[in-house]
Amino acid sequence: MLVNPSDQIIELLKLQQDVGYIGEPLSQLAHALQCADFAAQDDADECVILAALLHDIGHFCDPRASAMLADGVDFGVHRHETVGAEYLRLSGLDETIATLVEQHVNAKRYLVATRPAYAAKLSAASQQTLTFQGGPMRADEVLTFEQQARFVDILKLRAWDEAAKRLDVSLPPVSHYSAMLRRNKTQRLSTAELAFFASNGYLHIKDWFNATEVAAMCAEVAQLQALPDSPGKWMKYYEHTARGKQLCRIENFLPYQRRLERLARGRSTLGLMGELMGEPAVLFKEKLNLKLAAGNGFAAHQDAPAFTSFDQHYHITMMLSVDETTTANGCLEVASGAHQQGLLAMNPDLTMTQTAIDQLSWQSVETQPGDLLLFDSYLPHRSAMNETDHARRALYITYNRQVEGGDVRDAYFAAKRAAFPPEIERQPGTVYAGGVFNVGNPVDK
Numbered sequence: 001m002l003v004n005p006s007d008q009i010i011e012l013l014k015l016q017q018d019v020g021y022i023g024e025p026l027s028q029l030a031h032a033l034q035c036a037d038f039a040a041q042d043d044a045d046e047c048v049i050l051a052a053l054l055h056d057i058g059h060f061c062d063p064r065a066s067a068m069l070a071d072g073v074d075f076g077v078h079r080h081e082t083v084g085a086e087y088l089r090l091s092g093l094d095e096t097i098a099t100l101v102e103q104h105v106n107a108k109r110y111l112v113a114t115r116p117a118y119a120a121k122l123s124a125a126s127q128q129t130l131t132f133q134g135g136p137m138r139a140d141e142v143l144t145f146e147q148q149a150r151f152v153d154i155l156k157l158r159a160w161d162e163a164a165k166r167l168d169v170s171l172p173p174v175s176h177y178s179a180m181l182r183r184n185k186t187q188r189l190s191t192a193e194l195a196f197f198a199s200n201g202y203l204h205i206k207d208w209f210n211a212t213e214v215a216a217m218c219a220e221v222a223q224l225q226a227l228p229d230s231p232g233k234w235m236k237y238y239e240h241t242a243r244g245k246q247l248c249r250i251e252n253f254l255p256y257q258r259r260l261e262r263l264a265r266g267r268s269t270l271g272l273m274g275e276l277m278g279e280p281a282v283l284f285k286e287k288l289n290l291k292l293a294a295g296n297g298f299a300a301h302q303d304a305p306a307f308t309s310f311d312q313h314y315h316i317t318m319m320l321s322v323d324e325t326t327t328a329n330g331c332l333e334v335a336s337g338a339h340q341q342g343l344l345a346m347n348p349d350l351t352m353t354q355t356a357i358d359q360l361s362w363q364s365v366e367t368q369p370g371d372l373l374l375f376d377s378y379l380p381h382r383s384a385m386n387e388t389d390h391a392r393r394a395l396y397i398t399y400n401r402q403v404e405g406g407d408v409r410d411a412y413f414a415a416k417r418a419a420f421p422p423e424i425e426r427q428p429g430t431v432y433a434g435g436v437f438n439v440g441n442p443v444d445k
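The following block contains the structure:
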């Protein structure tokens, strides 16, 4: 009954550019984009933004759906919220998106029943469609509706729906949402991608974030870099380079950067990590490696020996490129497939022995801003110094299996702060080796 639900939703939306929005002097596409923009401006999470974009998709995803007709006037698809929600489920989008879409008409019925002022402001078209949609809710329906887990988001979506009728406003194009749609599928990775990760120990995903999203991320990272060294808060570590002392990395920053925290703990990221692990994943730790101009390289190592403090045995790290990473600025080099050998020979400082290094085949993995490089904790990796005049910034966010101790992030950083504190918290004359908290990196001891 539904038409090509596996096709690109973006293309379906583009076709609505010249299709009128029912009873209003704008197109279906303009209405959808305005609604999504309202959600984005409200700092809603991605599933809510996408639900706002797609709330009316039931009006045009299935040409065989029955219409709401009154006196010869077409008021759109009957039960379009149900048609649209089913289409989104068949398209493989997150269930939260489908649920919000499915409930946005019920939100109208709820508001008409509980807020007389709302009912008085309905447009003529909306008043007409209300008769097809069941009219105001009964008292028992109101009570049931109020118990929904996303009750607040559903009402917000309805408010944006009512307001998204402006003319001549500048908005991001519909293609802006392509990457977001990809991130919020129930199955984000293909069978081939999962097989590649299992065989090679890493996976490079291009364009996980679009250029606009990367620009916003760069602004967040710049704010993070500008934060002053503050005892007990974010943790800044320095290195000495050919250009003198400079910032090397920042850790424990998610509590102070809300958008980055939402990225790290969001449904789309946790879902991605869970697909790779084959089970639920939780955040373990985060860091920003800056590798500024002339920044030093990182010695060859595996992460697994450094992640044993909480009796955990497997982790996956998501490297998110803020800047491009190249052979010239010290991109990550990996030994593909060597993760299958388990722990390799190590020096006392947990870096790999030269013999172990020489026995492996190394390859550079260059990335662009917005790309992901996912790798497991047994994959040998290293990077060279930055020989360019520009930074090579990258976020490294690590996840563990939920069954292995659950969320130990706060405990991890408390232990690291005690054993290997940031410079601002160090006692003069004390040498901090760091042990498992300082493997293979050029941070000052």
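Residue numbers 1 to 445, in the UniProt record's numbering, belong to the letters of the sequence shown in order. Just so you know, even glycine gets a beta-carbon here, dropped at the ideal spot from N, CA and C. Note that the structure is predicted; figures quoted are calculated from it, not measured.
Beta-carbon contacts of residue i that lie in its chain and below 7 Å, excluding the five residues immediately before and after
i, result
"residue 263", "269"
"residue 35", "52, 53, 55, 160, 161, 164"
"residue 26", "165, 167"
"residue 447", "Since the first and last residues shown for the chain are 1 and 445, residue 447 lies out of range."
"residue 360", "335, 338, 380"
"residue 369", "214, 321, 322, 323, 324"
Cβ-based burial, residue i [other Cβ within 10 Å; buried from 16]
i, result
"residue 243", "exposed"
"residue 358", "exposed"
"residue 447", "In the structure as shown, the chain starts at 1 and stops at 445, and residue 447 therefore has no counterpart that could be examined."
"residue 422", "buried"
"residue 80", "buried"
"residue 221", "buried"
"residue 431", "exposed"
"residue 303", "buried"
"residue 206", "exposed"
"residue 441", "buried"
"residue 89", "buried"
"residue 240", "exposed"
"residue 103", "buried"
"residue 278", "exposed"
"residue 342", "exposed"
Nonlocal neighbours in the same chain, by C-beta distance under 6 Å from residue i, ignoring five residues either side
i, result
"residue 119", "112"
"residue 433", "none"
"residue 438", "420"
"residue 202", "334, 375, 379"
8 Å contact criterion, which residue i and residue j should meet: CB distance rounded
i, j, result
"residue 385", "residue 330", "6 Å"
"residue 250", "residue 288", "5 Å"
"residue 285", "residue 413", "7 Å"
"residue 247", "residue 238", "6 Å"
"residue 383", "residue 344", "Residue 383 to residue 344, Cβ: 18 Å. No contact."
"residue 371", "residue 234", "Not a contact, Cβ separation roughly 25 Å."
Cβ shell of residue i (< 8 Å), same chain only, five flanking positions each side left out
i, result
"residue 10", "174, 175, 177, 178, 181"
"residue 140", "none"
"residue 20", "26, 27, 28"
"residue 95", "89, 186"
"residue 366", "324, 325, 326, 327, 331"
- Contact between the region 390–398 and the region 314–329 (3+ Cβ pairs under 8 Å): Yes, they touch.
- Does the pairing of the region 108–118 with the region 129–140 give three or more beta-carbon distances under 8 Å? By the C-beta criterion, the region 108–118 is judged to be in contact with the region 129–140, since at least 3 inter-stretch pairs fall below 8 Å.
- Segment contact flag, the region 32–51 with the region 170–183, C-beta cutoff 8 Å, min 3 pairs: With contact defined as three or more Cβ pairs closer than 8 Å, the region 32–51 and the region 170–183 are in contact.
- Using 8 Å as the threshold, is the region 398–411 in touch with the region 300–319, meaning 3 or more CB pairs across them? As far as the Cβ criterion goes, the region 398–411 touches the region 300–319, which means the pair count is three or higher.
- Completely contained alpha helix (DSSP H) runs for the UniProt domain "HD" (31–109), where each covers 4 or more residues: Counting whole runs of 4 or more residues, the UniProt domain "HD" (31–109) contains the alpha helix (DSSP H) stretches 46–54, 80–90.
- In chain order, each beta strand (DSSP E) run of at least 3 residues that lies wholly inside the region 237–310: When DSSP assignments are scanned along the region 237–310, the uninterrupted stretches of beta strand (DSSP E) that are 3 or more residues long and fall wholly within it turn out to be 244–251, 281–289, 298–301.
- Message: Extract the residue ranges of the alpha helix (DSSP H) inside the region 316–381, only unbroken runs of 4 or more that lie entirely within it.
- Response: For the region 316–381, whole alpha helix (DSSP H) runs of length 4 or above, ordered along the chain, are 354–358.
- Would you list, in sequence order, the uninterrupted alpha helix (DSSP H) runs of no fewer than 4 residues that lie entirely inside the region 104–147? As far as the region 104–147 is concerned, its whole alpha helix (DSSP H) runs of at least 4 residues are 116–120, 124–132, 139–145.
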